[in-house]
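So the structure is just underneath, and the comments pick up after that.
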Amino acid sequence: MRFKARVLEPAEIERAMRRIAHEIIEKNKGVGDLALVGIHTRGIPLAERLADLIERFEGVRPPVGVLDITLYRDDLSEIGVQPRVRETRIPWDVTGRPVVLVDDVLFTGRTARAALDALVDLGRPKRVYFAVLVDRGHRELPIRADFVGKNLPTSMQEVVKVKLRETDGEEGVELWER
Amino acid sequence: MGALTHLLDFAGWERAQAESLLETARMMEEVLERPMKKVPALKGFTVATVFFEPSTRTKISFELAARRMSADVVGFTGAGSSLAKGESFKDTLLTLQAMALDAYVIRAPVAGMAHQAARWLEGAVVNAGDGRRAHPTQALLDAYTLLDDLETLEGRKVAIVGDVAHSRVARSNAELLPLLGAEVWAAGPAGLLPERLPGARLTTDLDEALEDADAVMVLRLQRERMDEGALPSLREYVAEYQVTEARLARAKPDAPLLHPGPMNRDVELEGTLADGPRSRVERQVRAGEAVRMAVLYHLLVGRAA
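Right, here's the structure in full:
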């Protein structure tokens, strides 16, 4: 793969997350029963960061859960490798509360669909928002994000690499060519 | 080692593979704790439970495990089937195969039947117990239950007590537990010990096996064996080999107590222990469902490609 461009620097990621945190508070009219759910892998630190920022702005930290969508993928019977099932841990009641699903990249929409299925199996949220750091387009399902850090038009040959200090030891978003 | 194609026994298994399967089981148990105990992972797959020998818990456990992951399940039991009309074991399996099933969970009274089936069938074969030979999912659920209490099996002493010679559970545990680092002791009267049990130290001295044990696994006394003369008398067995409160005092304090069931209360195990705080019998049943979900997941997902 060939490196093409660095799309977001650490400070820009930080700014994008701050803006999303403000937008969440505004759209939800405060924090109330709000809760965040990070989708494995990089959605988890992003959800934690959003919770920290919301606490800084509003004085209340919404609870954060962890969601693995492996058992909900719609391509499980077709793929050649067996994906590792990871932890799902949502130690609070999903039912009746607004929930923000958080992921790093929104692409075909299939992960988001699986996450929605997984989430509603755990309870009946009052409503579900979807927040992503990067929306790279190429949707295969009618899904859109409520909160987007950066809209990044890409070609199918391009690969978006999100690196976060919690998971990768470094921070930044890069565009690569296959 | 590549992906799991069948689960027949633990021959050729590596520690990492066993650990990965037990880790998946841990995730599957979380599914069982949800209000909605079902995920779509095996949607479109069909699992057959083919039981040529009676079973309650293993059969239900496998069927539930498959259904929890949205697989379709067909059940077959030897009694009342065409087997009774003289159809051979092989023809029965080939008939099932013609129905395009993806996995076959096979319980058979004769050792090696699951291995034979794996040669005939295109789908994944899970050995749900073949004669005295192996019962790998029981060993996996035992290991899973032990890890709950002991966190690691590295250097732990596990005592398996009772009718070791006729026990496929003992045989599979003696294969799996050492793979995970445990030291396995098997104790029973001379008539109920095999000549050798790879992976385990054999002894007729129950106290020696229980001494400082980190866990104790009690096997069912297969009373029908008494007619074979393997045992002098039930009373003698109870006096010498029943696991009692007093004998268990030799093991580590809080050492968990396992039993694969069905249990003969007050025969192999003192009745009060069966319901006591050390008993993990119910935990084993629960673990069994999670472990079997993990086994079916590892066998089926990614197989079609």
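Residue numbers (our numbering), protein chains in the order written: chain A, 1 to 178; chain B, 179 to 483.
Every residue gets a Cβ at the ideal spot worked out from N, C-alpha and C, and that includes glycine.
Keep in mind that this is a model prediction, so the values were computed, not measured.
Need the endpoints of the alpha helix (DSSP H) that A/Thr111 sits in, please. 110 to 121
Using three-state DSSP, classify B/Arg374 as helix, strand or coil. coil
For the pair the segment 91 to 101 of chain A and the segment 26 to 35 of chain A, tell me if three or more CB-CB distances fall below 8 Å. yes
By the three-class DSSP mapping on this structure, what secondary structure does A/Met1 have? coil
If distances are taken between C-alpha atoms only, which option among B/Pro367, B/Ala289, B/Lys215 comes closest to B/Arg346? B/Ala289
Cα-Cα separation between B/Leu371 and B/His437, rounded to whole angstroms: 18 Å
Of all Cβ atoms in chain A, is any one closer than 8 Å to the Cβ of B/Thr401? At residue 401 of chain B the sequence reads Arg, which differs from the Thr that was named. It does not; no Cβ of chain A falls within 8 Å.
Within 8 Å of any Cβ in chain A, is that where the Cβ of B/Gly366 sits? no
Inter-residue Cα distance where the pair is B/Arg349 and A/Leu46: 48 Å
The segment 71 to 87 of chain A: which residues have C-beta closer than 9 Å to a C-beta of chain B, in chain order? Leu71, Tyr72, Arg73, Asp74, Leu76, Ser77, Glu78, Ile79, Gly80, Val81, Gln82, Pro83, Arg84, Val85, Arg86, Glu87
Is the CB-CB distance between A/Leu67 and A/Val105 below 8 Å? no
Closer than 8 Å, CB to CB, is A/Asp121 near chain B or not? yes
May I have the straight-line CA-CA distance separating B/Glu138 from B/Val396, to the nearest angstrom? There is no way to answer for residue 138 of chain B, as the model of chain B reaches only from 179 to 483.
Which residues share a DSSP beta bridge with B/Met395? B/Ile338, B/Leu436
Go ahead and pull the three-state DSSP assignment for A/Ala11. helix
Residues of chain A with a CB under 8 Å from the CB of B/Glu208: which are they? Glu87, Thr88, Arg89
Can you tell which of B/Tyr322, B/Leu318, B/Arg428, B/Leu210 has the C-alpha that lies nearest to the C-alpha of A/Leu122? B/Leu210
Between B/Ala483 and the rest of its own chain, which residues show a CB-CB distance below 6 Å, the 5 nearest in sequence each way excluded? Here the model assigns B/Ala483 a pLDDT of 41, short of 50, so the residue's position is not dependable, and the following value carries that caveat. Once the five neighbours on either side are set aside, B/Ala483 has no close Cβ partner at all.
List the residues of chain A that B/Glu219 touches, going by C-beta distances under 7 Å, in chain order. One detail in the question is off: residue 219 of chain B reads as Ala in this sequence, not Glu. Ordered by position in chain A, the residues that pass the 7 Å Cβ test against B/Ala219 are Leu71, Leu76.
Could you check how far apart the C-beta atoms of B/Ala378 and B/Lys335 are, in whole angstroms? I think they sit under 8 Å. Not a contact, Cβ separation roughly 11 Å.
Any beta carbon of chain A sitting closer than 8 Å to that of B/Ala483? Confidence at B/Ala483 is low in this model, with a pLDDT of 41, below 50, so the placement of that residue should be treated as unreliable; the coordinate-derived value is given next. Yes, contact with chain A.
Work out the CA separation of B/Asp444 and B/Glu423 for me, nearest whole Å. 12 Å
If you reduce the DSSP assignment to three classes, tell me which class B/Thr234 lands in. coil
Could you check whether the segment 155 to 174 of chain A touches the segment 319 to 332 of chain B, counting it as contact only if at least three pairs of C-beta atoms, one from each stretch, sit closer than 8 Å? no
If you reduce the DSSP assignment to three classes, tell me which class B/Glu332 lands in. coil
What residues are listed by DSSP as bridge partners for B/Ile284? B/Val228, B/Asn305
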